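As numbered in UniProt numbering, residues 1 to 1143 make up the sequence shown, in order. The C-beta atom is built at its ideal place from N, Cα and C for all residues, glycine as well. Note that the coordinates shown come from a computational prediction; the quantities given were computed from them, not determined experimentally.
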Amino acid sequence: MRCQAYANPGLLQVTRIPFPPPGVHAMPTPVATMTFDNSQELLWTGNEYGRVTSFYGTELQRYTSFKAHASSDGPIRQILVNEKGIVSLGAKDVHMAIRRGLPIWHIRHDDMKDLRCMSFTSKGTAEIIAAGMQDTMLVIDLIKGDVVKQVPTEHQYTIMRRGRYICAATQTGSVNLLDPVTFAVVKSWNAHSALINDMDAQHDFIVTCGYSLRQGQNYMLDPFLNVFDIKKMSSMPPIPFPAGAAYVRMHPRMLTTSIVVSQSGQMHVVDLMNPNTSDVRLANVTSYLSMFEIAPSGEAIALTDADCSIHLWGSPTKLHFVDLPTPIEFATPEEPLPNIDWGPDTPLNMIGLPHYRDVLASAWPDIPCDVGAPPVKFDPQFLAGLKPTEFGMYGRNTRGLRRNQAENTRNVNKSGSSGLKAPKFLSEKARELATSNAAASDKKADELISSLTDMGLESKKSDVPVMYRTVEIKYSKFGVDDFDFGFYNNTRYSGLETHISNSYANSLLQIMHFTPVIRNLALQHAATSCVSEICLLCELGFLFDMLQKAEGSICQATNLLKTLSSHPQAGPLGLLEEDPHGSSLNVMLQGLTRFLLDKIVHDYRTINPSSTAMDQVLATSATTSIRCINCRSEYTRPGSTYVNDLLYPSPAGSRNAKLPRISFSQVLKNSVERETTSKGWCSRCQRYQTIATRKSIHSIPAVLMLNTAITNQDQRMLWSTPGWLPEEIGIIVEQGQFFCYEGEDLKLHLQRGIHNITVYSLTGMAINIESGQTQKSHLVSMVNVAHAESEAPGESRWHLFNDFLVRSVSTEEALAFNTSWKVPSVIAYQIKDENNKIDTEWKNNIDTSILYQDFNPNADPSTKTYQLLNPETEAPGPDTIIALDTEFVAVRQPEIEMNSDGERETIRPIVYALARASVVRGQGENEGTPFIDDYIDIKEPIVDYLTSYSGITEQDLDPRVSKHSLLSLKMAYKKMWILLNLGCKFLGHGLKQDFRVINIHIPKSQVIDTIDLFFLQTRLRRLSLAFLAWYLLKEDIQMETHDSIEDSRTALKLYKKYLEFQDAGILETMLQDIYRAGREVNFKPPRKDGQHIPRTDTPPPLPVDGSTGPVTPVRSNNILAQTPGSAFGGGSSWTPGKGSPLP
C-alpha cells in the first residue's frame, strides 16, 4: 500500500525560516521541542532558555512568544495542547497559558527535580502525568492547576506518548505501557540496547527508533524501526531502515502508516502491515536534522536542523495544519490619530465630539425594566453540557427560548407553571381540621384532583397534559414529611420521591418491581447472606419489599441510588446526574438499563456461582457470525446480551423517503438477529473490507428488555401509529433463527400448535416526556400492574407512575405515543406463563446469621454497649418487641433562597445519613439490654455531626480510631430488614423520621410509636420524649446530649406506662393531665436545680441560625453492668397490667 499523500510529486518545501534567537544580540539556538496545534493553524516551539514561540500559517509568521520557564532551568522539554491553551514542561516546573500568551497557572513543586516528559491521562485533556529522571511521577489537574497525586515509580522516563495506554520510554531503552487510570506498568518491552531517541503511539501500535552501543563504545542509530502491537501485547518484526532511523511519527489519518526520518533527511513512508512497500523522499538540508513533526491534518511536515532553521513541507495547494481550524485571535490594530496644530490660541472646540446616530448604551431605555427580579436558574444538566472557552461557556440552546429572549423569572417557580397546583401542607390541613374548615379545603382538593381524573385520551394532545408534567416536592419548615404525597396517589401502588440524586432511575425501578421474575429473584437474593456494599441486586430486593409493604404510601430509593452513585463503574459510564457526560436523561436511562442488568447478573453469581437462573431470566443467548464479503472467510464469537437495542429499517430510495410500513414484530426480529454490513478489518485479506454480521439465537430470556434507540422523526412517527406496540407477542426460536408474531398471526400459530411458541406479555415501559419550554424533560413509566398481582385479574390494569404521582389509565392511553412529547425509552416484556407467580417463600429462607455475628469481637468488655442475641433462646419472631432509636448526621445542608416577595423558600431540605442504630430487647430475661448498637461507616462527606442532638463525634465514625462496632450501611440495614421480615414489632418515639433515614417501611401493624400513644387529637402538639420521661418516669434524659440506647429504653418504659394506664382505664384522664402539666412548663422539662436547659427534638427539622456548636457526648462506659431493674429506674416502679404483652 503506497501512501498517495507522500507519493504526490507536489510535496515540496514551502517555507524555511530561522528560529528566533533568545535575545537581540544572542546567537541562534536550536529548537528544543515542537508540536502542531490541534485546533488552530499554529506551530508551537520551545527553545533552550524557557521561551515558547508560536508560528501561524503556511508562512510561519510569528504569532506569540512568551517566557514560560526560568532560563537557568534549561530547555523546554515538551509542549501539549488542549482546548483551553498550551502546557509547557520545564525541568522543575509546569506552565499553562492561553494561546495569546497570557498565563493561566504556573506550578513549581518540591518533587519536580528533572522532568523530561508528560502525557494526558484517562481524564482526557483535563489532566496530565509528568515524569522524568526522578523516582516520582506527578499527576496535575489542568483545570485547577494543582498537583493532585504523586505516583512513585521505579523507572526513569524520557518520552511519553498517549495511545490506548500511556506509552513511556525509559532511559535504558525499554518501552513501558502504563495504565492511564492507576499508572501501573501493564507491559514492558526492551526496544533498544542503549536508549530510545524517538517514539510515537497511535491506536494499536507503538513505533520506536534509538541507539545501540557499537565498537569503541560509541552510540550509533539502529538501522531499523521497532514496532509493537498493543492490542496483542506483542512485538512485531522490525522494519529495516539502512540510513539509520532517527525520528518517527505515526500518520494521523492512516492508522497503520508510519513516517521514519534519518538525520541526513531521508524519509520513508511505511505501512506497518506491509513493510515491503514504502515511499522514499529526501529533504535537502545542509546539516543534520534535529526534530520532525507531522500536522494533525497529515498535510504538513515540520523539520528542524542543526543550523537552527525550521522547514515546512507540504503540497502548496493542500497545505494546512488542521481540517476545521478555529479562528485565530489577533491583536486589534490601533489607528493613528490625526495631528492637530496646537497652540495657545487654538480653541478647545477644535477637538469636537463625535456625532452619534445610534442610541448610546448609557442612555435610559424608553421601556420600563424589571429591577430586582431573581436571576435565571439553569438546569445542572444544561450547564454540564456547556464547553468552556476563554470568553465564557457555550453550548446548544436546549432551553426552548429564542436567542436573547428574556425570561420572566418572578413566576418561573410558581407551582401553576406545572399545571397542577401543589396541595396544602399536612400541618396546614391539621390546623384547618382543628378549626372545622376542612369542608372547604376538601372541596378545593376535589376540584384539583378532578383535573387528573376526567381527561380521556391525553396522549394525542399537542400540549403535555397535567398528569405527565414534572411533579415537584414543596418543603415547609417541617421538611419533606409535611408534604401531602397522598394528594397525588389514591391507588395502592407506591410512588417514589424525586429529591434524591439520580432519581431519574425511578421509572426503570418501577418497571422492574412489577416484573414478577425479577422481583422474585431480587428478594430471594436479598434473603441470602450477601453483605456486599455495592450489591445492586440486594438493594433492588430491599426496594421491592418496601414498595410492596407500603401499599400506596410514598417510598424513596435512597439506599439503592446511593449504592449506584458509589459504584466505581457508574460514573465513567455517564450514568450519574452529577456528571452525565452531556447525555440526555433518555440516553442515561438506556445506559442504566444495560448497566443494571449486567450488574445484577454478576451480583447473583457471587452467592450462586454455578447457577444460570439469572442468565435464563435476562440473557438472549446468541452467537455472532462475522463474514468477509470479499474472501468469504467467517468466524464466530459469543453474542449474548441482556438488553436488545431496536434496529429500524433505513428509508429506501430518495433522501426524503419515509420508513416503509413495518410492524413491531419485524423490528424486533431485525434487532435481535442484528444482520448488518459495515466496513471492518479482514485478517485474511489484510485490509478493510465489507463485513457482514448476523446473530444465531440459541435461547430467549424470561424477561425481554428493549432499548427503543429512537433517533429521528421517522422512528417517532412509527411509534405514534395507533396500536403499533402490541400487549402480547409470540416468539419462536428454531435452528438459530428468531421469529416474532403479534395480533392475528399470533392467534393463528397458537391455534395450530405446530411450533414451540413462547408468548410474552408487555409489563411496562419507561417514557421520555419532553415538556418543551416551560419544564425540562423527565421520565415516567407505564406499568401493567395486573401481571404482578398474586391472582390474575383477567384484564389489563395500566398505571402511570410519574415519580410520586400514580394514577390508573386506560390501555389506549398507556399504549399511545406522541411524536412531539411522549416517546418510549425502555420496553419490558415477560413470559406470559410467569405472570402472577409471586414468590413468598423467600421469607421462610432468610439467612439470619448476621444477627448473631459480632463484628467487633475485640472490643473492651467494660465499654461494650451491646450483647448479641442467643440464637437458641432469643430467636426473633412475630411476638418479639424490640425498641429502636437511631442517630443521624447531616450530609447536605438545606438550600434556602429568598424569593422576590421576601419569603424564605426551601429548595432542597437538609439530608441526613444514618450514623448509629441501637436496638434493645423489649422482653425476656435481658429486657432493656441492647443487642444491636451499630455505628455506620458513612462514605459521603459529613457536613455536620449534629453532636448536641445525636451524640455522634467525628471519632465515632472514623474507622481508624473508632472504638465502636463500625459497619457498612448495607450490613446495618440488613439487620433491620431481617427483623422486619421476621415479624418483630418496632417500638420507639417518633419512629417516622428514623424509618425515613434508614430508608425502610415498617407496616403499621408492626409499629408501636409512643409519640402517637401519648397524643390527643384535639391538641396540635406532640410531646417530646424528654418531657414524657420527666413527667411520667420522673427521669431526666438528654441532658448534655442524646444517646440512642437511653432513648430506646425510655420509649420502652413509656410503653409499659401506657399499658398500665390502659389496663386501669385511666388513659384519657392521664393524657389530659399530661397536657395540663405541659402547658405549665411550656412542654419543656425543668432541671432539678431550677436552671433551664434547651432541649431539642432529634434531629431538628432544620438547623437554627446561631445555634450552639456540637457538644461532646457524655455516656456511661458500662451499660451492660447495670441491672435490668436499675436500667428502668427501679424494679418496683411499675406493675404490669393484665393486657400487657411484656413480662
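Check	Outcome
CA nearest to the CA of residue 22, picked from 43, 36, 47, 80	47
Buried/exposed call for residue 1079, threshold 16 Cβ in 10 Å	exposed
Residues of its chain near residue 49, where Cβ-Cβ distance is below 6 Å and the 5 sequence neighbours each way are ignored	22, 71
Contact belief for residue 289 with residue 304 at Cβ below 8 Å, rounded distance in angstroms	7 Å
Identified DSSP bridge partners for residue 829	704, 762
N-terminal and C-terminal residue of the alpha helix (DSSP H) that residue 985 is part of	Residue 985 -> not in any alpha helix (DSSP H); beta strand (DSSP E) instead, spanning 985-988.
Where residue 1094 falls, given that 16 or more other Cβ within 10 Å makes a residue buried	With a pLDDT of 46 at residue 1094, under the threshold of 50, the modelled position of this residue cannot be trusted, and the question is left open.
Residue environment, residue 505, which counts as buried when at least 16 other CB atoms sit within 10 Å	buried
Backbone CA spacing between residue 102 and residue 57 [nearest angstrom]	21 Å
Local conformation of residue 921 per DSSP, three classes	strand
Buried/exposed call for residue 497, threshold 16 Cβ in 10 Å	buried
Span of the alpha helix (DSSP H), counted from its first residue to its last, around residue 380	380-384
Segment contact flag, the stretch 680-688 with the stretch 796-808, C-beta cutoff 8 Å, min 3 pairs	no
Residue(s) in a DSSP beta bridge with residue 882	921, 986
Reference residue 241; option with closest CA among 607, 260, 766	260
Cβ-Cβ distance between residue 499 and residue 518 below 8 Å	no
Cβ-based neighbour list, residue 607, same chain, cut-off 6 Å, excluding 5 preceding and 5 following	528, 530
Proximity to residue 201 [Cα-Cα], best of 178, 356, 184, 219	178
Spatially closest choice to residue 892 from 878, 881, 907, 898, by CA coordinates	907
Counterpart residues of residue 624 in DSSP-defined beta bridges	637, 695
Distance between residue 176 and residue 185 (C-alpha atoms, nearest Å)	6 Å
Contact check, residue 173 vs residue 155, beta carbons under 8 Å	no
Alpha carbon of residue 460 to alpha carbon of residue 666, nearest angstrom	25 Å
Nonlocal neighbours in the same chain, by C-beta distance under 8 Å from residue 617, ignoring five residues either side	517, 518, 521, 701, 702, 703
Touch test, the stretch 933-947 against the stretch 834-841, Cβ-Cβ under 8 Å, three pairs minimum	no
Residue from 339, 323, 300, 322 with nearest C-alpha to residue 314	300
Environment of residue 1119 [buried if 16+ CB atoms lie within 10 Å]	Residue placement at residue 1119 is flagged as unreliable, the pLDDT there being 40, under the threshold of 50; the coordinate-derived value follows with that caveat. By the neighbour-count rule (16 or more Cβ atoms within 10 Å), residue 1119 is buried.
Straight-line gap, residue 859 to residue 1012 (C-alpha atoms, nearest Å)	38 Å
Nearest-angstrom Cα separation, counted from residue 577 out to residue 82	26 Å
Residue 157 - partner residues in DSSP beta bridges	170
Beta strand (DSSP E) segment containing residue 933, residue limits	930-936
For residue 915, three-class secondary structure by DSSP	strand
Burial state of residue 831, where buried means 16 or more other Cβ atoms lie within 10 Å	buried
Residue 591 - containing alpha helix (DSSP H), residue span	585-607
Residue 922 vs residue 978 beta-carbon contact at 8 Å	no
Proximity to residue 985 [Cα-Cα], best of 1021, 1055, 1047, 1020	1055
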